[in-house]
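Q: First, the structure itself, so that you have it in front of you.
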Amino acid sequence: MRQLVVLSGKGGTGKTTVAAALAHLAAQEGPIVIADADVDAPNLGLLLQPEIVEQVPFFGGKKASINAELCTACGRCEEVCRYAAVAQRDGTFCIDSTACEGCASCFYQCPAQAIEMRECQSGEWFRSKTRFGPFLHARLIPGEENSGKLVSVLRQQALLEAHESEADWIIVDGAPGIGCPVIAAVTGVDLALLVSEPTVSGLHDLERALQVAEHFRVPATVCLNKSDLSPKLAEEILAFCARRHVPVLAQLLYDEVVPKAMRRGCAVTELGENAVAEEIKLLWLALCDHVKAR
Amino acid sequence: MRIVVASGKGGTGKTLVAVSLALMAGEMGDCALLDADVEAPNAALFLKPAFDERVIVERLVPVVDASRCDHCGRCAEVCQYHALAVVPGKVLVFKELCHGCGSCALECPTQAIREVPQPIGLVESGRAGSIVFAQGTLDIGEAMATPVIRALKRHAARARWDRARFMILDAPPGTACPVIESLRGADVALLVTEPTPFGLHDLKLAVEVARDVLRLPVGVVINKDGADDPGVDEYCRAARLPVLFRIPLRRDIAAAYAVGTPLVQAFAEYRQPFLALLDNLGKLAQRRPA
Numbered sequence: 000m001r002q003l004v005v006l007s008g009k010g011g012t013g014k015t016t017v018a019a020a021l022a023h024l025a026a027q028e029g030p031i032v033i034a035d036a037d038v039d040a041p042n043l044g045l046l047l048q049p050e051i052v053e054q055v056p057f058f059g060g061k062k063a064s065i066n067a068e069l070c071t072a073c074g075r076c077e078e079v080c081r082y083a084a085v086a087q088r089d090g091t092f093c094i095d096s097t098a099c100e101g102c103a104s105c106f107y108q109c110p111a112q113a114i115e116m117r118e119c120q121s122g123e124w125f126r127s128k129t130r131f132g133p134f135l136h137a138r139l140i141p142g143e144e145n146s147g148k149l150v151s152v153l154r155q156q157a158l159l160e161a162h163e164s165e166a167d168w169i170i171v172d173g174a175p176g177i178g179c180p181v182i183a184a185v186t187g188v189d190l191a192l193l194v195s196e197p198t199v200s201g202l203h204d205l206e207r208a209l210q211v212a213e214h215f216r217v218p219a220t221v222c223l224n225k226s227d228l229s230p231k232l233a234e235e236i237l238a239f240c241a242r243r244h245v246p247v248l249a250q251l252l253y254d255e256v257v258p259k260a261m262r263r264g265c266a267v268t269e270l271g272e273n274a275v276a277e278e279i280k281l282l283w284l285a286l287c288d289h290v291k292a293r
Numbered sequence: 000m001r002i003v004v005a006s007g008k009g010g011t012g013k014t015l016v017a018v019s020l021a022l023m024a025g026e027m028g029d030c031a032l033l034d035a036d037v038e039a040p041n042a043a044l045f046l047k048p049a050f051d052e053r054v055i056v057e058r059l060v061p062v063v064d065a066s067r068c069d070h071c072g073r074c075a076e077v078c079q080y081h082a083l084a085v086v087p088g089k090v091l092v093f094k095e096l097c098h099g100c101g102s103c104a105l106e107c108p109t110q111a112i113r114e115v116p117q118p119i120g121l122v123e124s125g126r127a128g129s130i131v132f133a134q135g136t137l138d139i140g141e142a143m144a145t146p147v148i149r150a151l152k153r154h155a156a157r158a159r160w161d162r163a164r165f166m167i168l169d170a171p172p173g174t175a176c177p178v179i180e181s182l183r184g185a186d187v188a189l190l191v192t193e194p195t196p197f198g199l200h201d202l203k204l205a206v207e208v209a210r211d212v213l214r215l216p217v218g219v220v221i222n223k224d225g226a227d228d229p230g231v232d233e234y235c236r237a238a239r240l241p242v243l244f245r246i247p248l249r250r251d252i253a254a255a256y257a258v259g260t261p262l263v264q265a266f267a268e269y270r271q272p273f274l275a276l277l278d279n280l281g282k283l284a285q286r287r288p289a
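Residue numbers (numbering that gives the first Met the number 0), protein chains in the order written: chain R, 0 to 293; chain E, 0 to 289.
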């Protein structure tokens, strides 16, 4: 069993489009498991049309709350809080739950024991059936933290599912950026596919995503999407990849078929013959070869 | 006026909008632009600022003085992030899990814990033409973007940029804690979306954060407009969100963006609409819900 994560650094380069198409192709060859690790803004489900089998609340941590009856308004909680989560309103203290990181410093320091730490639901995760195989996905309640922890839960569940179904692949659609949800998605996978685009931002963020993969010792490959957008930047990205010895496994042209697939709610490879689909088929073969060669 | 440009989905054009908005605001009066997308900061690629100040962002992590520690286990007990573990004869510190809350140091009965700064990123500031500019950058391998965003905002406040006529902040994508930190303290949120099912899905999440959780006035920009997909427009109408500006899906616009040319510099006809957008954001900010 192999784990592939699709990442990009910059958002909107086509991670989810590529991940869905790869899942479609991989599923034709054997059992696979799919996970959407972009729990902030999960879009893969819009293409996979999941049928939810199990729904589990996710408790990412606790948050402080002040019992006004016990509070003596001494201000110690405000003093020790490093997240500016304690606010004073008309002489009474209260917690801004969007700022509270649940460190419990105030809970331990309050001399009146007026602070309670309450378990807080920060999202939920789902086990679903799709036409490509089992799908693990989640929803973070907007504004909540611990997206990295939620991604770790999804990864664990995907592993269990993969062992049970003797899957050949786990395909993980990652989040943009390089922070906690990305780190949780990239650690321990066999291969990362970085989807980039020929723009100054695409190049800049590809470099950062590559550094993250290298930092966690995950071999990286690149797919250059919308490669005809700017010949100059496309060339710069290819040169960058050559310098860093990162194989560019595919170059996809900009094509209206991609938003069309999105509107249909399917993978681009399911839309009959088209240039993007053909190129992604070659990408899939190249990924398989790459993994075998290692 | 503090304007935060956010989006939910990545790659919808936050930076494209923030940069041109800042350039036009800079022509009208004093303007500061903050790039708070610290995981993937890109505004500088368009503005090419000259930085004259670089500050390393640090967070505090515990160090245990072995000569004072009696392995009582209190630090591990109070740490909510499992960043400390007491094993026979030793305390292990997992720095990458630490949130720097300082609780372990406060609670240690033998005062064996000292907090030391650990670099996690960088804040750089300077000028780009008539605007002042600062960006945060998270170090590779660091998980937490929020402290860098906080440091960036503190830097701006210290320099009194928040009192500038316009302070524009380019937020990260998503809906989690770094987005909240970026939006906190804004007068108005400008959400950039695209007319696709992905754009619509994530716009709804961004509205939940900006309007429902943080109670900010919200305006919408539809980028890459023109596709035959009425979903975003229908949603904005039903949710009573003003669509303040549309940027068409045009190859020449994408090509200018690709090489790092700001929209209002590549296409002079966009100067006026961005001025109107600033004006409308001002009106929207007045209508801040209670």
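Don't be surprised by glycine CBs; every beta carbon is placed ideally from N, CA and C.
Looking at chain E, which residues of the segment 215 to 248 of chain R have a Cβ within less than 7 Å of any of its Cβ atoms?
A: LEU228, SER229, LYS231, LEU232
Q: Should ILE279 (chain R) be flagged as near chain E, meaning a C-beta pair shorter than 7 Å?
A: no
Q: Cβ closer than 9 Å: which chain E residues qualify as neighbours of THR12 (chain R)?
A: Residues of chain E with a Cβ closer than 9 Å to the Cβ of THR12 (chain R) are, in chain order, GLY9, GLY10.
Q: Which residues in the same chain have their Cβ closer than 6 Å to the Cβ of GLU278 (chain R), if we skip the five residues on either side of it in sequence?
A: ALA249, LEU251
Q: Leaving out five residues on either side along the sequence, give the residues of the same chain with a beta carbon under 7 Å from the beta carbon of THR12 (chain R).
A: Excluding residues within five positions, the ones whose Cβ falls inside 7 Å are VAL194, SER195, GLU196, GLY201, ASN224.
Q: How many Å lie between ALA175 (chain E) and SER181 (chain E) at the Cα?
A: Approximately 10 Å, taken between the alpha carbons.
Q: Between VAL18 (chain E) and HIS154 (chain E), which are expected to be in contact by the criterion C-beta below 8 Å, what is the C-beta distance as a whole number of angstroms?
A: With a contact defined as Cβ atoms closer than 8 Å, VAL18 (chain E) and HIS154 (chain E) miss out at about 19 Å.
Q: In or out: GLU163 (chain R) buried (at least 16 other Cβ within 10 Å) or exposed?
A: exposed
Q: In chain R, which residues lie less than 7 Å from SER102 (chain E) when you measure between Cβ atoms?
A: CYS102, ALA103, SER104, TYR107
Q: Round the Cβ separation of MET0 (chain E) and ASP186 (chain E) to the nearest angstrom and send it over; I've been treating them as touching at under 8 Å.
A: 5 Å
Q: Look at the alpha carbon of ALA158 (chain E) and the alpha carbon of PHE165 (chain E), and state the distance between them as a whole number of angstroms.
A: 14 Å
Q: Roughly how many angstroms lie between the CA atoms of ALA289 (chain E) and ILE130 (chain E), to the nearest whole one?
A: Residue confidence is low: ALA289 (chain E) scores 47 on pLDDT, short of 50, so the model does not pin down where it sits. Its coordinate-derived value is still stated next. Those two C-alpha atoms are separated by around 32 Å.
Q: In angstroms with no decimal places, state the Cα-to-Cα distance between LEU121 (chain E) and LEU151 (chain E).
A: 9 Å
Q: Could you please tell me which residues of the segment 127 to 141 of chain R, in chain order, have their CB closer than 8 Å to any CB of chain E?
A: Of all residues in the segment 127 to 141 of chain R, LEU139, PRO141 have a Cβ within less than 8 Å of some Cβ in chain E.
Q: Look at the alpha carbon of ASP232 (chain E) and the alpha carbon of PRO194 (chain E), and state the distance between them as a whole number of angstroms.
A: 8 Å
Q: Listing by chain order, which chain E residues have their CB less than 9 Å from the CB of GLN210 (chain R)?
A: Against chain E, the beta carbon of GLN210 (chain R) has neighbours under 9 Å at ILE139, GLY140, listed in chain order.
Q: Taking the beta carbon of GLN134 (chain E) as the centre, do at least 16 other beta carbons fall within 10 Å, making it buried, or is it exposed?
A: buried
Q: Quick check: the Cα distance between ASN66 (chain R) and GLU115 (chain R), rounded to an integer number of angstroms?
A: 7 Å
Q: In three-state DSSP terms, what is LEU300 (chain E)?
A: Outside the modelled stretch of chain E, which goes from 0 to 289, sits residue 300 (chain E), for which no answer is possible.
Q: For LEU199 (chain E), count neighbouring Cβ atoms within 10 angstroms of its own Cβ and tell me buried if that reaches 16, exposed if not.
A: buried
Q: Apart from the five residues just before and just after PRO241 (chain E), which ones in its own chain have a Cβ nearer than 6 Å to its Cβ?
A: GLY218
Q: Among E:GLY99, E:ALA65, E:GLY88, E:GLY25, whose alpha-carbon lies nearest the alpha-carbon of TYR80 (chain E)?
A: Considering only alpha carbons, the answer is E:GLY99.
Q: Cutting at 6 Å between CB atoms, please list the residues of its own chain near VAL115 (chain E), excluding the five before and the five after it.
A: VAL62
Q: Quick one: Cα of LEU135 (chain R) to Cα of TRP124 (chain R), how far?
A: 7 Å
Q: Which chain R residues are close to CYS71 (chain E), counting only those with a beta carbon under 8 Å from its beta carbon?
A: In chain order: nothing, as chain R lies at least about 14 Å away.
Q: Is there a C-beta anywhere in chain R that falls below 7 Å from the one on ASN222 (chain E)?
A: no
Q: Any beta carbon of chain E sitting closer than 7 Å to that of ARG1 (chain R)?
A: By this cut-off, ARG1 (chain R) is not an interface position.
Q: Using a 10 Å radius around the Cβ and a threshold of 16 neighbouring Cβ atoms, would you call PHE131 (chain R) buried or exposed?
A: buried
Q: Using the DSSP secondary-structure output, state which residues sit across from GLN117 (chain E) in a beta bridge.
A: E:ARG58
Q: Run the CB neighbour count on GLN2 (chain R), radius 10 Å, all protein chains shown included, and call it buried at 16 or more, exposed below.
A: buried
Q: Within 6 Å: the Cβ of ASN42 (chain R) and any heavy atom of the ligand FMN?
A: Of the ligands one can find in the structure shown there are none, so the ligand FMN has no counterpart to examine.
Q: Residue range of the alpha helix (DSSP H) that VAL256 (chain R) falls in?
A: Judged by DSSP secondary structure, VAL256 (chain R) falls within the alpha helix (DSSP H) whose first and last residues are 256 to 263.
Q: Any beta carbon from chain R within less than 7 Å of CYS235 (chain E)'s own beta carbon?
A: no
Q: For VAL296 (chain R), is the classification buried or exposed, using 16 other Cβ atoms within 10 angstroms of its Cβ as the cut-off for buried?
A: Given a span of 0 to 293 for chain R in the structure shown, any question on residue 296 (chain R) remains unanswerable.
Q: Which residues in the same chain have their Cβ closer than 8 Å to the Cβ of GLY173 (chain E), if we skip the five residues on either side of it in sequence?
A: GLY7, GLY9
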